[in-house]
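Numbering (the working numbering), first residue to last: 50 to 437.
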């Protein structure tokens with residue numbers, strides 16, 4: 050059984066008149082954040098600003114300069130928006146509901162939080178000197194003829210620092226030289242809030258507590274709450290919609306990134322049900338060899354444990370707002386042969402343009418790398434993962 054939350058019918062034809070319909074078509078729900086803004090559009094103009102931001106993101110962030118990463122473009126942003134909508138249903142029907150300004154800041158952050166993943170010219174950033182001092186072994190200025198080790202170091206730094214890079218780019222108001230983002234037209238206060246929430250989607254527990262609240266006119270902007278919602282929505286985008294396996298056939302992707310591509314490829318379903326119970330489905334190759342079977346079994350455990358870490362990091366804080374999160378460990382795992390894998394998954398519009406590729410199974414070295422990465426994840430988070 051394959052379960053999906055989303056039901057988009059057109060990703061590549063967003064026009065102003067269709068925007069709210071396309072971005073609120075996830076599933077039946079009582080409250081939709083875009084719908085709230087639509088009701089009051091003439092008052093603040095937030096919906097028009099988000100329309101511009103969505104179109105800009107689709108136009109400029111669809112084809113990232115760094116090809117090794119999974120999807121961090123507009124489709125990822127729209128899925129993230131849908132997951133956040135699912136998570137805040139009860140919140141939006143109580144006294145702690147998000148105000149219009151908070152809704153705009155959160156949704157704008159959905160589109161801009163991964164700007165840093167698309168940006169490789171780090172030396173133009175205002176804090177480049179500090180970054181270079183932190184990573185003296187990385188040559189940020191080198192563009193061409195990177196050897197695998199140099200390429201891997203730049204990928205790791207960009208992945209690790211992308212929330213900071215996103216913050217810097219939003220505050221600067223431009224990316225890729227003179228290409229201004231729609232956020233540049235906002236007043237400095239709104240820009241500051243969006244940049245802060247984007248920065249906040251990759252923090253540790255103490256740093257989230259330090260974000261706190263900040264006044265904005267008559268509104269109180271709950272920065273910690275918004276950043277946590279953004280991070281959890283980001284973490285929930287774990288299925289094969291994050292990748293296009295056909296790209297592996299004609300472009301170089303380093304082994305570490307391949308492991309994450311396969312992790313998404315085998316995660317075929319994610320559902321947020323009542324009371325925010327999160328359940329997952331996996332399709333794994335049939336393997337008679339016990340060792341290989343155990344290595345493949347690491348993939349569902351890895352995905353679930355990553356989400357359980359998010360649950361642990363945020364559950365106490367979110368509980369005060371009536372937001373419950375529960376990761377269902379009873380995963381639905383199917384073992385199938387190559388012909389079956391990839392043929393029974395609900396296809397999204399991108400798959401209609403790019404037919405489902407035949408499965409390329411992970412070779413032994415990638416499986417070992419995946420197992421090692423999972424062990425490192427457990428070791429790093431063992432103190433905060435009470436359930437491991």
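All residues carry an ideal CB built from backbone N, CA and C; glycine is no exception. Bear in mind that the values here come from a model prediction, so they are computed numbers and not experimental data.
Nearest-angstrom Cα separation, counted from residue 268 out to residue 276 = 17 Å
inquiry  = Report the start-end ranges of each alpha helix (DSSP H) in the segment 314-393 that is 4 residues or longer and not cut off at the edges.
reply    = 339-368
query = Can you list, in chain order, the stretches of the alpha helix (DSSP H) that have 4 or more residues and sit fully within the segment 213-262?
reply = Qualifying alpha helix (DSSP H) stretches, in chain order: 237-248 and 254-260.
ask   = Looking at C-alpha atoms only, which residue of 151, 423 and 337 is the closest neighbour of residue 272?
value = 151
ask   = For residue 159, does the count of other Cβ atoms within 10 angstroms reach 16, so buried, or fall short, so exposed?
value = buried
key: Own chain residues within Cβ distance below 6 Å of residue 296, not counting five before or after   = none
query = Should the segment 364-375 be called in touch with the segment 336-350, which here means at least 3 C-beta pairs below 8 Å?
reply = no
ask   = Does DSSP put residue 430 in a helix, a strand or coil?
value = DSSP places residue 430 in helix when its eight states are reduced to three.
key: Outcome for residue 258 when other beta-carbon atoms lying within 10 angstroms are tallied against a minimum of 16   = exposed
request  = Measure the C-alpha to C-alpha separation of residue 430 and residue 341 and round it to an integer number of angstroms.
outcome  = 25 Å
message = If distances are taken between C-alpha atoms only, which option among 336, 425 and 243 comes closest to residue 16?
response = Examination of residue 16 is not possible in this model, given that the chain is present from 50 through 437 alone.
query = In terms of alpha-carbon separation, which member of 354, 302 and 288 lies closest to residue 128?
reply = 288
query = Which term fits residue 324, buried or exposed, when burial requires 16 or more other beta carbons within 10 angstroms of its beta carbon?
reply = exposed
key: residue 208, DSSP secondary structure in three states   = helix
Limits of the alpha helix (DSSP H) - the one that residue 281 falls within = 272-285
message = Contact defined as beta carbons within less than 8 Å: I believe residue 327 pairs with residue 374. What is the distance between those atoms, to the nearest angstrom?
response = 7 Å
request  = Decide if residue 417 is buried, meaning its Cβ has at least 16 other Cβ atoms within 10 Å, or exposed.
outcome  = exposed
task = Find out if the Cβ-Cβ distance for the pair residue 119, residue 291 is shorter than 7 Å.
result = yes
ask   = From residue 263 to residue 148, what distance separates their C-alpha atoms?
value = Answer to the nearest angstrom: the Cα atoms are 13 Å apart.
inquiry  = What does the alpha-carbon distance come out to for the pair residue 196 and residue 338?
reply    = 35 Å
key: residue 89 - containing alpha helix (DSSP H), residue span   = Segment: none, residue 89 is in no alpha helix (DSSP H) and carries neither H nor E.
query = Out of 358, 309 and 356, which has the shortest C-alpha to C-alpha gap to residue 420?
reply = 309
query = In terms of alpha-carbon separation, which member of 99, 383, 274 and 306 lies closest to residue 317?
reply = Cα-wise, what sits closest to residue 317 is 383.
request  = Give the DSSP-derived three-state secondary structure of residue 103 in the structure shown.
outcome  = In the structure shown, residue 103 adopts helical secondary structure according to DSSP, grouped into three states.
message = Once DSSP output is grouped into helix, strand and coil, what is the label at residue 267?
response = In the structure shown, the three-state DSSP call for residue 267 is coil.
request  = Kindly indicate which residue of 114, 214 and 205 has the alpha-carbon position closest to the one of residue 177.
outcome  = 214
key: Inter-residue spacing [alpha-carbon to alpha-carbon] between residue 406 and residue 294   = Low confidence applies here, because residue 406 scores a pLDDT of 47, under 50, leaving its location unreliable and the question unanswered by this model.
ask   = Just how far apart, CA to CA, sit residue 206 and residue 93?
value = For residue 206 and residue 93, the distance between alpha carbons rounds to 38 Å.
ask   = Span of the alpha helix (DSSP H) holding residue 123?
value = Residues 123-136.
query = So what's residue 22 in DSSP terms, helix, strand or just coil?
reply = Outside the shown range of the chain (50 to 437) lies residue 22, about which nothing can therefore be said.
ask   = Taking DSSP as the reference, what is the three-state secondary structure of residue 197?
value = helix
request  = Compute the beta-carbon to beta-carbon distance between residue 352 and residue 307, rounded to the nearest angstrom, for a pair I have assumed lies under 8 Å.
outcome  = No, residue 352 and residue 307 are not in contact; Cβ-Cβ is about 16 Å, not under 8 Å.
request  = Check residue 174 in the structure and name its three-state DSSP category.
outcome  = coil
Host alpha helix (DSSP H) of residue 151 (start-end) = Run containing residue 151: 149-161, per the alpha helix (DSSP H) assignment.
inquiry  = Rounded to the nearest angstrom, what separates residue 235 and residue 95 at their Cα positions?
reply    = 10 Å
ask   = How should residue 189 be labelled, buried or exposed, when 16 other C-beta atoms within 10 angstroms of its C-beta is the threshold for buried?
value = buried
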